[in-house]
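Before any comments, here is the structure.
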Amino acid sequence: MPLDAALRDKILAAVEAGFDKQVAYTQDLVRFGSVRGQEHTVQDFIFRAMKQRGLTMDRFAMDREAIAAHPGGAPFSDTHSDAPIVVGIHHPRAEKGRSLILQAHIDVVPTGPADQWTHPPFDPVIDGDWMYGRGAADMKAGHAANLACLDALRRIGMQPAASVYVQSVVEEESTGNGALMTHLRGYKADAVLIPEPEGEMLVRANVGVLWFQVEVRGKPVHVREMGAGANAIDAAYRVVGALRGLEEELNREKAGRAHFEDIAHPINLNIGKIEGGDWASSVPCWCRLDCRIGIYPGVSAEETAKRIGACVLAFSRGDRFLANNPPRVSFNGFYAQGYVLEPGSDAEGVLANAHTAATGKPLKSFMTAAYLDTRVYALYDKVPALCYGPVSENVHAFDERVSLASLKRITGTMALFVAEWCGLESIDA
Ligand code: ZN
6 MPLDAALRDK ILAAVEAGFD KQVAYTQDLV RFGSVRGQEH TVQDFIFRAM
56 KQRGLTMDRF AMDREAIAAH PGGAPFSDTH SDAPIVVGIH HPRAEKGRSL
106 ILQAHIDVVP TGPADQWTHP PFDPVIDGDW MYGRGAADMK AGHAANLACL
156 DALRRIGMQP AASVYVQSVV EEESTGNGAL MTHLRGYKAD AVLIPEPEGE
206 MLVRANVGVL WFQVEVRGKP VHVREMGAGA NAIDAAYRVV GALRGLEEEL
256 NREKAGRAHF EDIAHPINLN IGKIEGGDWA SSVPCWCRLD CRIGIYPGVS
306 AEETAKRIGA CVLAFSRGDR FLANNPPRVS FNGFYAQGYV LEPGSDAEGV
356 LANAHTAATG KPLKSFMTAA YLDTRVYALY DKVPALCYGP VSENVHAFDE
406 RVSLASLKRI TGTMALFVAE WCGLESIDA
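Taken in order, the sequence shown gives residues 6 to 434; the numbers are from our numbering.
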């Protein structure tokens, strides 16, 4: 049932009243340098923050076998995080409304050279409307907003009249296995909201993502007889050329695909890391590339993996050196399909109303060419999976920052969304 105007204003005022606390908690989260594999302490901090609020707590590890057996599970590598997943559960006194998952990831991408940052990457400096820091936008602000929107309701003596699962996951930036694990654990709700930094817009569609590694072997010789050897780094550059060809082919296939055909370059191949060779005066005998490529919704990771393998093999057959020394292609991260959020769900309607009430503007939607955890809930739970969050800049780059005015607005949207989607009951009836 739509909220009446007086209640709406009360909820938005409660968000305002708690905002300083929310910002301080967001800063606390940013101070944890929770790059891949180092999320244990921040997950412990979050566990305590949720427990203090009276949520029923669950903390669990990844089930490797279950993930391996699932089509959306990503392969484990030796850099896979073993930090736990944390879920805080709100149980209403009476289950009257629709249940909800509020999810956020706590892992952040590497900072790159610290000297390229204006402030140290894990120092959450506030300058004007912006909070800086690696993860400030992606997505510790959203993470804190998940709790802040419930705090706002509590501040006016209310709580959701349905179960709410607040999930803090890891591995969002590398495999998506954290979100998948919450699904495999058995958590399910009538809708999901993930407040990623999406510029106060709703994600209508996103790409799947595949990570792969190409290992090229060479023939080492002293540089004085270079012609007798084979340079693995040069060969890797030739393989990259072939992969760029596949990328263009995939981008041509946007024709006729809703949400994608009007985007200039929807499928991006990133050569993210290159390692190889041992010594400036030896012809290098090894080179390794770490790559990431997007996948259209409806296309499986397996199908794309086969095309990558076939592309590298076909190119190698025509290459004098690689024909007899084919590179090895392996998959060591994301193995995820994209999704489309079909318009017209009740959940989207409630979010759109909440957004308009909190921001004064209609809710826009868009396609993003990045991986999102919402895919797990959209593809495997088949429930409305809403990805919507604050304005940000420089995500995955230097001087990442989130707009605090925007964060307050989207927290207002979230509080109104929870109130209407779940319904409300008084805390002490
Ligand atoms: Zn993110």
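Where is the CB? At the ideal position from N, CA and C, for every residue including glycine.
Predicted, not measured: the structure shown is a model, and the values here were computed from it.
- Whole-number beta carbon distance between residue 328 and residue 322, since they are thought to touch under 8 Å: Yes, they are in contact, since the Cβ atoms of residue 322 and residue 328 sit about 6 Å apart, within 8 Å.
- From 405, 256 and 164, pick the residue whose C-alpha is nearest to that of residue 58; which is it? In this structure, 164 is the residue among 405, 256 and 164 with its C-alpha nearest to the C-alpha of residue 58.
- Query: Can at least three beta-carbon pairs, one atom from the stretch 361-377 and one from the stretch 115-130, be found at a separation below 8 Å?
  - Reply: Judged by pairs of C-beta atoms under 8 Å, the stretch 361-377 does not touch the stretch 115-130, as fewer than three such pairs exist.
- Buried/exposed call for residue 139, threshold 16 Cβ in 10 Å: With 16 or more other Cβ atoms inside 10 Å of its own Cβ, residue 139 counts as buried.
- Message: Relative to the C-alpha of residue 301, which candidate in 250, 265 and 403 has its C-alpha closest?
- Response: Answer by Cα proximity: 265.
- Sort 259, 274, 209 and 177 by Cα distance to residue 218 and report the nearest one. Comparing Cα-Cα distances from residue 218 to each of 259, 274, 209 and 177, the minimum goes to 274.
- Query: Which class does residue 132 belong to by DSSP, given the choice of helix, strand or coil?
  - Reply: Three-state DSSP puts residue 132 in a strand.
- Local conformation of residue 419 per DSSP, three classes: Helix.
- Item | Under 8 Å between C-beta atoms of residue 63 and residue 193 | No. Outside cutoff.
- Task: Would you kindly work out how many angstroms separate the C-alpha atoms of residue 384 and residue 344, rounded to a whole number?
- Result: Rounded to whole angstroms, residue 384 to residue 344 spans 7 Å at the Cα level.
- Task: Could you pull out every unbroken alpha helix (DSSP H) segment of at least 4 residues lying fully inside the stretch 211-291, listed in chain order?
- Result: Within the stretch 211-291, the complete alpha helix (DSSP H) segments of 4 residues or longer fall at 237-257, listed in chain order.
- Message: Contact between the stretch 140-147 and the stretch 220-230 is defined here as three or more beta-carbon pairs at a separation below 8 Å; is this criterion met?
- Response: With a cut-off of 8 Å, the stretch 220-230 and the stretch 140-147 do not count as touching, because too few Cβ pairs lie within range.
- Item | In chain order, each alpha helix (DSSP H) run of at least 4 residues that lies wholly inside the stretch 15-41 | Given a length threshold of 4 residues, each whole run of the alpha helix (DSSP H) inside the stretch 15-41 is given here in chain order: 24-36.
- Task: Using the Cα positions of residue 98 and residue 56, report the straight-line distance between them to the nearest angstrom.
- Result: The alpha-carbon atoms of residue 98 and residue 56 are separated by roughly 18 Å.
- Message: So, for residue 21: in the same chain, excluding its five sequence neighbours on each side, which residues have a beta-carbon less than 6 Å away from its beta-carbon?
- Response: Answer for residue 21: no residue qualifies.
- Task: Might you give, ordered along the chain, the residues of its own chain that have their beta carbon closer than 7 Å to the beta carbon of residue 68, omitting 5 neighbours on each side?
- Result: Hits under 7 Å: 186 and 189.
- Message: Among 156, 109 and 43, whose alpha-carbon lies nearest the alpha-carbon of residue 25?
- Response: Considering only 156, 109 and 43, the residue with the shortest C-alpha distance to residue 25 is 156.
- Message: For a test of your reading of the model: does the CB of residue 177 fall under 7 Å from any non-hydrogen atom of ligand 1? Yes or no.
- Response: Under cutoff, so the answer is yes.
- Task: Compute every distance between the C-beta of residue 148 and the non-hydrogen atoms of ligand 1, then say whether any falls below 7 Å.
- Result: Result no, Cβ not under 7 Å from ligand 1.
- Going by alpha carbons, who is nearest to residue 183 out of 309, 131 and 111? Of the candidates 309, 131 and 111, the one whose C-alpha sits nearest the C-alpha of residue 183 is 111.
- Tell me residue 397's beta-bridge partners as DSSP assigns them. When DSSP reads this structure, residue 397 sits in a beta bridge with 407.
- Message: Please enumerate, following chain order, all residues with a beta carbon closer than 5 Å to at least one heavy atom belonging to ligand 1.
- Response: Those satisfying the condition are, in chain order, 143, 144 and 201.
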